[in-house]
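**Student:** A single structure is presented below for examination.
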Amino acid sequence: MRRGPGEASLRRRRVPARLLVAVAALVTCTIWLWSSSTDLTLTSYKAQDVDVNKLWRTANSNGWRASSAPRSYWPPPPTESETNGYLRVRCNGGLNQQRTAICNAVVAARIMNATLVLPELDTNSFWRDESGFIGIYDVPHFIKTLKYDVRIATSVPDIITNRKAKKLKAYQIRPPRDAPVTWYTTVALEKMKSYGAIYLTPFSHRLAEDINDPEIQRLRCRVNYHALRFKPNIMKTSSEIVNKLRSEGHFMSIHLRFEMDMLAFAGCIDIFTPQEQKILIKYRKENFAEKELVYRERRLIGKCPLTPEEVGLILRALGFDNTTHIYLASGELFGGKRFMRPFKAMFPRLENHSSVGPGKLEENTRGLAGSAVDYMVCLLSDNFMPTYDGPSNFANNLIGHRLYYGFRTTITPNRKALAPIFMDREVGSTAGFEERVRQVMMKTYIGGPHKRIHPEPFYTNSWPECFCQENPRNHADKCPPDNIYEVLENQFRSEENEESIEVKATSQTDSISQTEETVI
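First residue of the sequence shown: 2, per the working numbering; consecutive thereafter.
Written as structure tokens, this is what we have:
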């Protein structure tokens with residue numbers, strides 16, 4: 002039977018309608034099946050630990066490698082006759098705060114075309130260490146490594162006044178915090194030219210980190226990762242500890258920041274006994290600005306250091322078992338052994354530089370030498386975990402150094418994201434605890450190249466300025482030529498020869514003048 006055009010048209014409309022129903026049914030089934038398989042996958046994931054083997058490896062470099070050599074014309078430092086004067090600095094704080102200050106001092110000297118006097122390391126009541134720069138760092142190596150960058154003197158020279166030799170007196174200035182480059186090229190330089198030498202004290206965080214000059218930033222890396230080498234005895238002790246730990250397989254290092262000064266600074270005192278709280282409150286009043294701090298609020302914004310037990314729970318959630326070898330870099334933990342007991346129960350193979358080191362360190366273990374050994378062992382460990390990277394110069398510097406030293410894995414807990422999970426556990430809500438911890442931690446692995454986002458410090462992440470690629474998309478990221486140091490050496494020698502010729506010419510002129518005076 003022949004259908005009319007209207008009926009045919011209706012049928013054509015019905016076909017898509019039926020197809021739509023079929024497609025909807027198919028999509029529904031597909032979503033249900035995908036959901037079911039996803040649930041199975043998640044269930045399977047929950048039952049398994051993270052692949053720990055990946056955490057022992059270095060991160061993917063994506064074709065980048067560390068490089069802090071100059072990539073554009075880099076003139077040699079001033080000769081003795083060209084220098085604008087002498088720069089003295091006093092680096093305050095602990096070992097790593099002093100380390101960044103030394104890097105900044107080299108940059109400041111370069112900016113002012115000045116001669117840098119070996120930086121002074123602060124001796125304070127906490128460290129009780131008078132080692133000084135020459136007692137911690139390899140001075141000949143420091144001077145040699147930076148010979149193309151700055152002129153370095155071991156002390157301010159003598160000057161002749163009324164036929165008597167005396168030290169050139171440096172004009173003392175307190176630099177502003179995070180001072181811009183312009184402060185050094187104006188205020189500081191003017192005083193240097195007037196007095197011949199300036200003394201900047203204190204010198205912690207006294208030069209801005211964000212400098213829009215890649216070559217200056219690369220100079221910071223040359224100082225931090227090449228020039229600042231610890232003395233041979235410290236390097237030897239560190240190497241022996243690392244070899245001993247590695248002879249038994251992989252080992253991780255943890256910077257356990259749970260000392261009195263940090264807890265008082267953070268204002269996280271509620272977990273301690275009334276007597277311990279009094280000690281922390283007293284220390285805070287004596288050393289930090291007065292401020293009302295609420296423990297719960299501080300914890301929820303990630304401002305409280307992780308407890309040793311929390312560190313252990315994180316590691317266990319990630320799949321590390323009780324055979325994991327751990328090196329602890331820490332000072333004296335506040336609160337005694339009771340805070341370490343749960344951690345030790347989970348991870349009994351704990352070491353520090355005193356337990357695994359070859360005999361007693363020459364310096365007090367609270368001093369700079371002990372901190373230097375901890376730094377080197379953490380740098381060379383298979384992976385590293387800081388428990389408080391906020392104002393911790395030790396953790397921040399190490400994260401940056403490990404990045405530069407071959408994209409070594411660093412596990413950085415997000416304390417803000419973890420706080421609610423731990424707080425739920427403390428009130429008995431433990432369902433899915435390890436899975437929740439894993440979900441947070443899966444987003445926190447650091448080791449590969451990544452963009453530096455404020456407030457991440459330059460010393461924590463010097464990418465991309467101090468890294469390069471052989472075949473980059475951006476020409477500025479191209480690795481410098483292999484003979485870059487030959488070029489710098491030729492420039493350096495050329496400058497020295499010119500200085501030598503000038504000195505000889507001056508000497509001859511003086512000699513002729515003296516002869517003329519004698520004849521007259």
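The beta-carbon is built from N, C-alpha and C at its ideal position, and this holds for glycine as well.
Where does G313 land, buried or exposed, given buried means 16+ other C-beta within 10 angstroms?
**Tutor:** Buried is the call here.
**Student:** To which residues of the same chain is E277 closer than 8 Å at the C-beta, ignoring the five residues directly before and after it?
**Tutor:** Contacts found: I270, F335 and G336.
**Student:** Consult DSSP for H326 and reduce its assignment to one of helix, strand or coil.
**Tutor:** H326 falls in the coil class under three-state DSSP.
**Student:** Any chance you could list the alpha helix (DSSP H) runs of at least 4 consecutive residues sitting entirely within the segment 175-251, in chain order?
**Tutor:** You should have 190-196, 215-223 and 233-247.
**Student:** Between I400 and I447, how many whole angstroms is the CB-CB distance? I'm expecting something under 8 Å.
**Tutor:** That belief holds up - the Cβ atoms of I400 and I447 are roughly 7 Å apart, short of 8 Å.
**Student:** In whole angstroms, what separates the C-alpha of V438 from that of S69?
**Tutor:** Approximately 37 Å, taken between the alpha carbons.
**Student:** What residue does the alpha helix (DSSP H) around V295 start on, and which one ends it?
**Tutor:** Premise fails: V295 is in no alpha helix (DSSP H) and is neither H nor E.
**Student:** What residue range is occupied by the uninterrupted alpha helix (DSSP H) comprising T146?
**Tutor:** T146 -> alpha helix (DSSP H) spans V140 to T146.
**Student:** Whole angstroms are fine: how far does the CA of P387 sit from the CA of N472?
**Tutor:** Roughly 34 Å between the two C-alpha positions.
**Student:** Look up T80 in the DSSP assignment and say whether it is helix, strand or coil.
**Tutor:** Three-state result, T80: coil.
**Student:** In the segment 344-399, which residue ranges form an unbroken beta strand (DSSP E) of at least 3 residues, counting only runs that do not cross its ends?
**Tutor:** The segment 344-399 contains these whole beta strand (DSSP E) runs: 384-387.
**Student:** May I ask you to report which of helix, strand or coil DSSP gives A432?
**Tutor:** Three-state DSSP puts A432 in coil, outside helix and strand.
**Student:** DSSP on I103, reduced to helix/strand/coil?
**Tutor:** Looking at I103 - three-state DSSP - the assignment turns out to be helix.
**Student:** Can you tell me the Cα-Cα spacing of V157 and Y87, whole angstroms?
**Tutor:** Using only the alpha carbons, I get a separation of about 7 Å.
**Student:** Between the Cα of K479 and those of V488, D159 and C467, spot the shortest distance and give me the residue it belongs to.
**Tutor:** Minimum Cα distance to K479 is reached at C467.
**Student:** Look at the alpha carbon of F289 and the alpha carbon of L201, and state the distance between them as a whole number of angstroms.
**Tutor:** About 23 Å.
**Student:** Could you check whether the segment 237-252 touches the segment 322-333, counting it as contact only if at least three pairs of C-beta atoms, one from each stretch, sit closer than 8 Å?
**Tutor:** Yes: at least three Cβ pairs fall under 8 Å.
**Student:** Could you give the DSSP three-state label for H451: helix, strand or coil?
**Tutor:** Coil, per DSSP.
**Student:** Over what stretch of residues does the alpha helix (DSSP H) that includes I135 continue unbroken?
**Tutor:** From DSSP, the alpha helix (DSSP H) with I135 extends over G133 to I137.
**Student:** Once the 5 residues before and after L220 are set aside, which same chain residues still bring their CB inside 7 Å of it?
**Tutor:** Result list for L220: V107, V108, R111 and D150, in chain order.
**Student:** Assuming M236 and L319 make a contact with CB atoms under 8 Å, what is their CB distance in whole Å?
**Tutor:** Contact flag wrong, Cβ pair sits at about 31 Å.
**Student:** If we call anything under 9 Å between Cβ atoms a contact, is L208 one with N105?
**Tutor:** In this structure, N105 lies closer than 9 Å to L208 by Cβ.
**Student:** With distance defined between alpha-carbon atoms, name the residue in T445, T101, V428 and L419 nearest to E435.
**Tutor:** The option with the nearest alpha carbon to E435 is L419.
**Student:** Might you give, ordered along the chain, the residues of its own chain that have their beta carbon closer than 8 Å to the beta carbon of I135, omitting 5 neighbours on each side?
**Tutor:** Result list for I135: L119, in chain order.
**Student:** Return the first residue and the last residue of the alpha helix (DSSP H) that L117 is part of.
**Tutor:** L117 -> not in any alpha helix (DSSP H); beta strand (DSSP E) instead, spanning T116 to V118.
**Student:** Assuming T146 and A228 make a contact with CB atoms under 8 Å, what is their CB distance in whole Å?
**Tutor:** Rounded, the Cβ-Cβ distance is 4 Å, consistent with contact.
**Student:** Using only the alpha-carbon positions, how far apart do F231 and I137 sit?
**Tutor:** One C-alpha to the other measures close to 6 Å.
**Student:** Return the chain-ordered list of same chain residues with a C-beta closer than 6 Å to the C-beta of R416, the five sequence neighbours on each side being excluded.
**Tutor:** Same-chain partners within the cutoff: G303.
**Student:** Taking T238 as the reference, give the member of K165, V378 and D139 with the closest Cα.
**Tutor:** It is V378 whose Cα lies nearest to the Cα of T238.
**Student:** Is M253 helix, strand or coil by DSSP?
**Tutor:** DSSP places M253 in strand when its eight states are reduced to three.
**Student:** Beta carbon of L190: closer than 8 Å to some heavy atom of the ligand NAP?
**Tutor:** In terms of ligand content, the structure shown is empty, and the ligand NAP therefore cannot be addressed.
**Student:** Among A373, A115 and D483, which has the Cα closest to the Cα of P71?
**Tutor:** Taking only the C-alpha atoms, the option nearest P71 is D483.
**Student:** State buried or exposed for E8, treating a residue as buried only when at least 16 other CB atoms are found within 10 Å of its CB.
**Tutor:** For E8, the pLDDT reaches just 38, beneath the cut-off of 50, and the residue's location in the model is therefore unreliable, leaving the point undetermined.
**Student:** First and last residue of the beta strand (DSSP E) that includes A166?
**Tutor:** Here the beta strand (DSSP E) through A166 covers K165 to K168.
**Student:** How long is the line joining the alpha carbons of F259 and D425, rounded to whole angstroms?
**Tutor:** In a straight line, the C-alpha of F259 is about 22 Å away from that of D425.
**Student:** Please name the residue in N394, F252 and L369 whose C-alpha comes closest to that of N54.
**Tutor:** The candidate whose alpha carbon is nearest that of N54 is F252.
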